[in-house]
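Input: a single structure, listed below in structure tokens.
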Amino acid sequence: MLDAAEKAIPRFHLPIGNIRRQDLNEFLSNVYDLGVSDIKFSSTDYVWAEVNRMWQPVTDRRLDDSEVNTILALLFNESGQTEIGAANAIDSRVDAVISRDKVVSFRLNATGCSVGNTPSGVNITLRAMPQQIPTCAQLGLEPELMDNLFPRYGMVLIVGTTGSGKSTLLAAAHRYRLEERRDDPVHILTYEQPVEYLLKGYAEGFMPEPTQTEVGMGAQLRSMDMVGPNAMRRKGQVIQMGEIRDMDSARAGFELGATGHAAYATMHTETPDRALSRTLQLFPPVEHARVANEFIEQARLVIAQKLARRLDGKVIAFRSWCVFDREVKRSIEDLPTHQWGSEVRKLVAKRGNDFESKAFAALADGLISYESFVEVSSMTRGEANEYCAHRGFNPNAGPVVTSLPTELPVATQNAAPKNEAIVEAEAA
Numbered sequence: 005m006l007d008a009a010e011k012a013i014p015r016f017h018l019p020i021g022n023i024r025r026q027d028l029n030e031f032l033s034n035v036y037d038l039g040v041s042d043i044k045f046s047s048t049d050y051v052w053a054e055v056n057r058m059w060q061p062v063t064d065r066r067l068d069d070s071e072v073n074t075i076l077a078l079l080f081n082e083s084g085q086t087e088i089g090a091a092n093a094i095d096s097r098v099d100a101v102i103s104r105d106k107v108v109s110f111r112l113n114a115t116g117c118s119v120g121n122t123p124s125g126v127n128i129t130l131r132a133m134p135q136q137i138p139t140c141a142q143l144g145l146e147p148e149l150m151d152n153l154f155p156r157y158g159m160v161l162i163v164g165t166t167g168s169g170k171s172t173l174l175a176a177a178h179r180y181r182l183e184e185r186r187d188d189p190v191h192i193l194t195y196e197q198p199v200e201y202l203l204k205g206y207a208e209g210f211m212p213e214p215t216q217t218e219v220g221m222g223a224q225l226r227s228m229d230m231v232g233p234n235a236m237r238r239k240g241q242v243i244q245m246g247e248i249r250d251m252d253s254a255r256a257g258f259e260l261g262a263t264g265h266a267a268y269a270t271m272h273t274e275t276p277d278r279a280l281s282r283t284l285q286l287f288p289p290v291e292h293a294r295v296a297n298e299f300i301e302q303a304r305l306v307i308a309q310k311l312a313r314r315l316d317g318k319v320i321a322f323r324s325w326c327v328f329d330r331e332v333k334r335s336i337e338d339l340p341t342h343q344w345g346s347e348v349r350k351l352v353a354k355r356g357n358d359f360e361s362k363a364f365a366a367l368a369d370g371l372i373s374y375e376s377f378v379e380v381s382s383m384t385r386g387e388a389n390e391y392c393a394h395r396g397f398n399p400n401a402g403p404v405v406t407s408l409p410t411e412l413p414v415a416t417q418n419a420a421p422k423n424e425a426i427v428e429a430e431a432a
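Going by this note's numbering, the sequence shown opens with residue 5, and the numbers climb by one from there.
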């Protein structure tokens, strides 16, 4: 796989006006092998790929609108253009068969849009799906996370922005359970839009094969609001239930946790404390006290993850987390519910599990730029300057040796990474 930090990204050619499936599959294979996370096709634009969190063109010319529609038909089917014309977005899985031994997979989204001078264009985004699920060791998951990632029942939330590696982390957790916890066999059910990482081949007869259900119109289950009842009828012990995005999905998570299931879900928010406030926002104010209590009762672990560019051009993962143990519950039980989030934030920082501490360690050791530190910590530059000064660090003076934990793993893109410690230090 090409190291984008060391070599220029090549541009590939697609035939003008007559793109065939063979041409497209060969192109996708070549771009996939660069180590991309995403590929974008837009009417009247170059094809772009994100490599190590940097968008770069990967075609030698722009594609016209008809060519992008042809590509949509090849990736989805002939009804793609009709769906876009009816103001429907398309979400699907794409498996490009390159040869008998090579299939590259993507998560597809296609949406109508205006692009440049084209008022009725199309944008296609392909998220690369790794062919092999990385291990928890390869992701560098911290010991405290491994100790709390596999509860018998309750909720585990993986939170972060789009493209922060939530699905990768979940898949690695499932792989670990299937390979390393065979003395405790369970049935894993996943509900996804679409199915991303295939869990086949890991159970090896030691426990039931995981069953993975695609959710959506025309898929295997019509909608996410059916997940809770469906999962309980199927006698699964471990449930990956997709994203918590509304009242129904939040209630399903609470109910699954309360009825003896280990429920795993994702959420688009930035930090562990905001997972609680984000959940409350899904409900009317009159229900906030009840929902807050349900959240604290069922939550076992919330992990937030962010990706940033290292100084060498590669990608590094930062994680902030909260284990909802007795200390956390005792700290908030006598407080008004609207103060619980701020108390959780203080406890996360007290334990050294906040993004600020993790990013500062990397900054002080010369792994990331000051700009990346500001981004990961979500501080203003003024706040970041004050934070660094308070710790006796001048970002313009270069790296220093710090006593903070600094073993930070490289984030995965479309292949399982090497088990590489970026710096020699005691593990977090």
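From the three backbone atoms N, C-alpha and C, an ideal C-beta is built for every residue, glycine too.
Worksheet item: Does the beta-carbon distance from Ser-376 to Arg-313 come in below 8 angstroms?
Response: Annotated as proximal: Ser-376 and Arg-313, with beta-carbon spacing under 8 angstroms.
Worksheet item: Taking the Cβ atom as the reference point for each residue, do Leu-305 and Val-332 lie within a distance shorter than 8 angstroms?
Response: It is not a contact, given that the beta carbons lie outside the stated cut-off.
Worksheet item: Are there 16 or more other CB atoms within 10 angstroms of the CB of Trp-59, so buried, or fewer, so exposed?
Response: By the neighbour-count criterion, in which 16 or more other beta carbons inside 10 Å mark a residue as buried, Trp-59 falls on the exposed side.
Worksheet item: Should Arg-437 go down as buried or exposed, given a rule of 16 or more other Cβ atoms within 10 Å for buried?
Response: This structure does not reach residue 437, given that the chain is present from 5 up to 432, and the question cannot be answered.
Worksheet item: Rounded to a whole number of angstroms, what is the C-alpha to C-alpha distance between Lys-422 and Cys-140?
Response: Only weak support exists for where Lys-422 lies, its pLDDT of 39 falling under 50; the value from the coordinates is given anyway. About 11 angstroms.
Discussion item. Here's the rule I'm using: 16 or more other beta-carbon atoms within 10 Å means buried, otherwise exposed. How should Pro-147 be labelled?
Written reply: Exposed, because fewer than 16 other Cβ atoms sit within 10 Å of the Cβ of Pro-147.
Item to complete: Compute the Euclidean distance between the alpha carbons of His-394 and Gln-216, then round it to the nearest angstrom.
Response: Rounded to the nearest whole angstrom, the C-alpha separation of His-394 and Gln-216 is 49 angstroms.
Worksheet item: Taking Cβ to Cβ, would you say Ala-176 is nearer than 8 angstroms to Ile-128?
Response: Not closer than 8 angstroms, so no.
Worksheet entry | the stretch 195-207 / the stretch 217-233 touching (three or more Cβ pairs under 8 angstroms) | As far as the Cβ criterion goes, the stretch 195-207 touches the stretch 217-233, which means the pair count is three or higher.
Discussion item. With a threshold of 8 angstroms, are at least 3 pairs of Cβ atoms found where one atom belongs to the stretch 69-76 and the other to the stretch 14-30?
Written reply: Yes, since at least three Cβ pairs between the stretch 69-76 and the stretch 14-30 fall closer than 8 angstroms, the two stretches touch.
Worksheet entry | the stretch 364-372 / the stretch 381-400 touching (three or more Cβ pairs under 8 angstroms) | Note that the stretch 364-372 touches the stretch 381-400; at least 3 beta-carbon pairs, one per stretch, sit closer than 8 angstroms.
Worksheet entry | Every unbroken alpha helix (DSSP H) inside the stretch 71-105 [4 residues or more] | Within the stretch 71-105, the runs of alpha helix (DSSP H) at least 4 residues long that lie entirely inside it are, in chain order, 84-89.
Practice prompt. Label Pro-288 either buried or exposed according to how many other C-beta atoms from any shown protein chain fall within 10 Å of its C-beta, with 16 as the threshold for buried.
Written response: Burial call: exposed.
Worksheet item: Using the C-alpha atoms, what's the distance from Ala-266 back to Pro-155?
Response: So the alpha carbons of these two residues sit roughly 6 angstroms apart.
Discussion item. So, at 8 angstroms on beta carbons, what are the nonlocal neighbours of Leu-311 in its own chain, with the 5 sequence-adjacent residues on each side left out?
Written reply: Only Arg-57, Gly-167, Ser-168, Gly-169, Val-319, Ile-320, Ala-321, Phe-322 and Ala-415 meet the Cβ criterion.
Fill in: Exposure of Gly-257, with buried meaning 16 or more beta-carbon neighbours within 10 Å
Taking a 10 Å sphere around the C-beta of Gly-257, we find 16 or more other C-beta atoms and assign the residue as buried.
Worksheet item: Taking just the CA atoms, how far does Glu-71 sit from Val-380?
Response: The alpha-carbon separation between Val-380 and Glu-71 amounts to approximately 39 angstroms.
Fill in: Burial state of His-178, where buried means 16 or more other Cβ atoms lie within 10 Å
Buried, since its Cβ has 16 or more Cβ neighbours within 10 Å.
Fill in: Buried or exposed by the 16-neighbour rule on C-beta atoms within 10 Å, applied to Asp-188
Asp-188 should be labelled exposed.
Worksheet entry | Identity of the residues DSSP links to Thr-270 by a beta bridge | DSSP lists Ile-162 and Glu-247 as partners of Thr-270.
Worksheet item: Which residues share a DSSP beta bridge with Cys-326?
Response: DSSP, once it has assigned bridges, lists Val-306 as partnering Cys-326.
Worksheet entry | First and last residue of the uninterrupted alpha helix (DSSP H) at Phe-236 | The question names Phe, but residue 236 in the sequence shown is Met. Run containing Met-236: 231-237, per the alpha helix (DSSP H) assignment.
Worksheet item: Do the CB positions of Gln-241 and His-272 come within less than 8 angstroms of each other?
Response: Judged by beta-carbon spacing, His-272 lies beyond the 8 angstroms limit of Gln-241, meaning their Cβ atoms are not closer than that value.
Item to complete: List the DSSP bridge partners of Ser-109.
Response: Partner residues in the beta bridge of Ser-109, as assigned by DSSP, are Asp-99 and Met-133.
Worksheet item: Can we say the stretch 23-33 touches the stretch 84-95, given the rule of at least three CB pairs closer than 8 angstroms?
Response: The answer is no - the stretch 84-95 does not touch the stretch 23-33, with fewer than three Cβ pairs under 8 angstroms.
Fill in: Distance between Gly-125 and Asn-113 (C-alpha atoms, nearest Å)
The alpha-carbon atoms of Asn-113 and Gly-125 are separated by roughly 14 angstroms.
Worksheet item: Terminal residues of the continuous alpha helix (DSSP H) containing Thr-172?
Response: Per DSSP, Thr-172 belongs to the alpha helix (DSSP H) from 170-184.
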